[in-house]
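Protein chains in written order, with this note's numbering: chain A, 1 to 226; chain B, 227 to 452.
Note that the Cβ used here is the ideal one computed from N, Cα and C, for glycine as well.
Since the model is a prediction, treat every value here as computed from it, not as a measurement.
Data first, discussion second: the structure below is written as structure tokens.
2 protein chains.
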Amino acid sequence: MRPLNCCEIAHTEAVEDYLRVIFKLAGRGLPVTTSAVAEQVSVAPPTVSAMLKRLEASNLVARSAAHEISLTTHGERHAMGVTRRHRLVETFLVQVLGLTWDEVHTEADKLEHAISDRLEDRIDSVLGHPTHDPHGDPIPPRSGRHVEAWSVPLGGVAAGNRFRVQRVADDDSDALRYLGERGIRPGAVLEVVSREPFGGPVWVKVGARRHALGPILADVVHGEIA
Amino acid sequence: MRPLNCCEIAHTEAVEDYLRVIFKLAGRGLPVTTSAVAEQVSVAPPTVSAMLKRLEASNLVARSAAHEISLTTHGERHAMGVTRRHRLVETFLVQVLGLTWDEVHTEADKLEHAISDRLEDRIDSVLGHPTHDPHGDPIPPRSGRHVEAWSVPLGGVAAGNRFRVQRVADDDSDALRYLGERGIRPGAVLEVVSREPFGGPVWVKVGARRHALGPILADVVHGEIA
DNA sequence: TCCGAACATTAGCCTCATCTAACCCCATCT
DNA sequence: AGATGGGGTTAGATGAGGCTAATGTTCGGA
Chain A
1 MRPLNCCEIA
11 HTEAVEDYLR
21 VIFKLAGRGL
31 PVTTSAVAEQ
41 VSVAPPTVSA
51 MLKRLEASNL
61 VARSAAHEIS
71 LTTHGERHAM
81 GVTRRHRLVE
91 TFLVQVLGLT
101 WDEVHTEADK
111 LEHAISDRLE
121 DRIDSVLGHP
131 THDPHGDPIP
141 PRSGRHVEAW
151 SVPLGGVAAG
161 NRFRVQRVAD
171 DDSDALRYLG
181 ERGIRPGAVL
191 EVVSREPFGG
201 PVWVKVGARR
211 HALGPILADV
221 VHGEIA
Chain B
227 MRPLNCCEIA
237 HTEAVEDYLR
247 VIFKLAGRGL
257 PVTTSAVAEQ
267 VSVAPPTVSA
277 MLKRLEASNL
287 VARSAAHEIS
297 LTTHGERHAM
307 GVTRRHRLVE
317 TFLVQVLGLT
327 WDEVHTEADK
337 LEHAISDRLE
347 DRIDSVLGHP
357 THDPHGDPIP
367 PRSGRHVEAW
377 SVPLGGVAAG
387 NRFRVQRVAD
397 DDSDALRYLG
407 ERGIRPGAVL
417 EVVSREPFGG
427 PVWVKVGARR
437 HALGPILADV
447 VHGEIA
């Protein structure tokens with residue numbers, strides 16, 4: 001094996017997928033483990049082991065003694081590039097092609113690998129250089145600082161508070177559709193009416209309507225106390 | 227080997243590329259040979275041999291005794307689908323994202339594999355169901371009849387004729403840029419002033435300007451005598 | 001009639017990305 | 001202490017898609 005050099009690995013779609021997923025897990029403060037990555041990429045754990053070995057050899061990820069996975073500077077730069085394309089595409093699909101916010105994640109998963117730099121710039125410019133995608137996720141700039149900033153989950157807010165939605169996890173398209181139909185999207189302000197104990201729902205008021213959101217839903221909605 | 231069934235092959239990007247190239251060569255009336263396909267797909271001839279074997283086994287292409295390659299009904303349907311996405315994307319990139327007609331072929335080569343049916347329909351609808359792409363190539367309908375209709379090349383038109391440009395081959399982006407800068411694009415009407423012999427240029431008049439087009443250029447421009 | 005060029009195919013090898021089955025390490029519970 | 005189980009990894013296989021080098025095959029020209 002020769003000296004570590006990030007350019008020795010092909011920028012295949014698989015590599016981009018793994019990098020984006022690692023970036024996503026890390027950004028949410030979740031443990032970045034072999035099995036977590038396997039689940040997100042939808043492959044078996046040994047497949048991840050093999051890929052991580054290659055990513056490590058190409059200096060894109062680093063691993064501590066305790067199996068801890070993190071992106072190197074190089075790795076993070078690439079991951080942010082893929083994430084930027086992903087989120088720009090999502091925004092584009094909603095704003096220009098009229099798709100709904102629950103449809104775009106799957107589409108963007110494929111398109112993010114097919115967008116050239118030139119195209120990325122055109123899309124960015126047609127959209128007026130957006131800072132956030134339809135789920136409220138911040139779009140990393142082409143170069144420069146970027147923070148993922150996952151704020152408080154709705155599930156952790158006490159009753160009686162007003163809560164401004166900032167981000168909604170884009171993973172679960174059924175959840176997105178459900179929430180969207182009830183007006184729960186970035187920018188919306190909810191009133192947290194009450195919280196049932198023992199994994200029960202959170203009652204929220206959106207405008208005049210009340211909704212009971214189960215723990216799964218309450219966890220995908222993030223924001224701040226307004 | 228089991229009975230031939232078109233669905234036994236994965237619809238990978240490579241398969242789509244080969245099908246589209248075979249469709250393109252056949253549509254232009256060019257010989258569809260192993261080496262012609264190899265050149266168009268940018269791979270070595272043995273790679274094409276191997277792929278053709280698979281395509282034949284999946285009933286997507288048929289081959290005569292004399293090595294003649296043709297698409298089956300199934301193969302043609304798939305090829306037309308890929309071609310439709312390719313040309314819709316090209317049109318979209320020009321009309322919505324403001325790319326130039328010499329840039330879009332390369333981009334579409336990647337994007338054509340990443341467009342879902344849903345997305346294809348949205349693009350089609352946003353563009354108002356276009357019938358031709360920016361190079362004048364007809365966009366195959368989602369289903370139904372389609373003809374490729376490569377009419378007369380400019381190189382075969384006698385001096386003294388007026389010539390209406392219908393299609394310009396999208397392969398060579400340098401040629402496209404050169405022609406575009408001189409106003410030679412689908413819809414333009416040229417006057418064929420004179421033809422130099424021995425592979426010399428064709429002199430054409432576009433509006434008030436004259437241009438000498440070498441045999442390569444004169445061959446990529448197709449149309450009809452006006 | 002024979003020879004060489006052009007073209008297709010076979011043979012043999014490689015990488016990427018995936019799988020299942022088996023194994024190992026370590027923490028925990030009995 | 002020993003059994004149990006969860007995660008990670010190794011081993012070994014597979015299929016897609018690509019390569020080069022060698023081997024037909026066929027056809028036109030000398």
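Taking 8 Å as the threshold, the shortest C-beta distance from R195/A to chain B does not fall below it.
Counting only Cβ-Cβ distances below 8 Å, V126/A has contacts in chain B at V322, L323 and G324, in chain order. When C-beta distances to chain A are compared with 8 Å, the residues of the segment 300–321 of chain B below that value are L319, in chain order. Closest option to T317/B, judged by alpha-carbon separation, among H304/B, N285/B and D396/B: D396/B. With fewer than 16 other beta carbons inside 10 angstroms of its own, E196/A counts as exposed. Counting along the chain, the unbroken beta strand (DSSP E) around H437/B starts and ends at R435 to L439.
Residue V241/B holds the alpha-carbon nearest to the alpha-carbon of V287/B among S261/B, Q266/B, V352/B and V241/B. Contact with chain A is absent for A276/B, since none of that chain's Cβ atoms lies less than 8 Å from the residue's Cβ. Between the segment 424–438 of chain B and the segment 396–415 of chain B, the count of C-beta pairs closer than 8 Å reaches three or more; the two stretches touch. L60/A has a beta carbon lying at 8 Å or more from every beta carbon in chain B.
For I225/A, the enclosing beta strand (DSSP E) has its first and last residue at V221 to I225.
If you draw a straight line from the Cα of L97/A to the Cα of L88/A, it comes to about 13 Å.
At least one CB of chain B lies nearer than 8 Å to the CB of L111/A. In the three-state scheme derived from DSSP, where H, G and I count as helix and E and B as strand, R388/B is classed as strand. Put simply, of S420/B, G406/B and Y244/B the residue whose alpha carbon is nearest the alpha carbon of T326/B is G406/B.
Less than 8 Å separates the beta-carbon of G381/B from that of D445/B. In terms of beta-carbon proximity, E294/B stays away from the interface with chain A, with every pair separated by 8 Å or more. DSSP places A276/B within a helical segment (H, G or I) once states are collapsed to three. For M51/A, the closest of G27/A, E148/A and D17/A by C-alpha to C-alpha distance is D17/A. Residue environment for T73/A: exposed (fewer than 16 other C-beta atoms within 10 angstroms of its C-beta). Closest by C-alpha distance to A26/A, out of E76/A, A44/A and V104/A, is E76/A.
One Cα belongs to P379/B, the other to E450/B, and the distance between them is close to 8 Å. Taking 8 Å as the cut-off, the beta carbon of H146/A is found closer than this to the beta carbon of M80/A.
Runs of beta strand (DSSP E) with 3 or more residues, each lying fully within the segment 350–413 of chain B, are found at 388–394, listed in chain order. Under the 8 Å criterion on CB atoms, I349/B is classed as interfacial with respect to chain A.
The beta carbon of A334/B sits closer than 6 Å to the beta carbons of H312, V315 and E316 from its chain, once the five residues preceding and following it are set aside; these are given in chain order. Taking the Cα of T12/A as reference, the smallest distance to any Cα among K336/B, A292/B, L443/B and V447/B is reached at K336/B. In the three-state scheme derived from DSSP, where H, G and I count as helix and E and B as strand, V267/B is classed as helix. Just so you know, the alpha carbons of H339/B and A175/A end up roughly 28 Å apart. DSSP links E417/B through a beta bridge to R388/B and K431/B. Against S399/B, chain A offers no close residue; the least beta-carbon distance is about 13 Å (beta-carbon pairs closer than 8 Å).
Secondary structure of S296/B (DSSP, three-state): strand.
Here V287/B carries a strand assignment [DSSP, helix/strand/coil]. Here F198/A is exposed. Its C-beta has fewer than 16 other C-beta atoms within 10 Å. The three-state reading of DSSP puts F198/A in coil, since its state is none of H, G, I, E or B. A residue is called buried when at least 16 other Cβ atoms come within 10 angstroms of its Cβ; E103/A meets this threshold and is buried.
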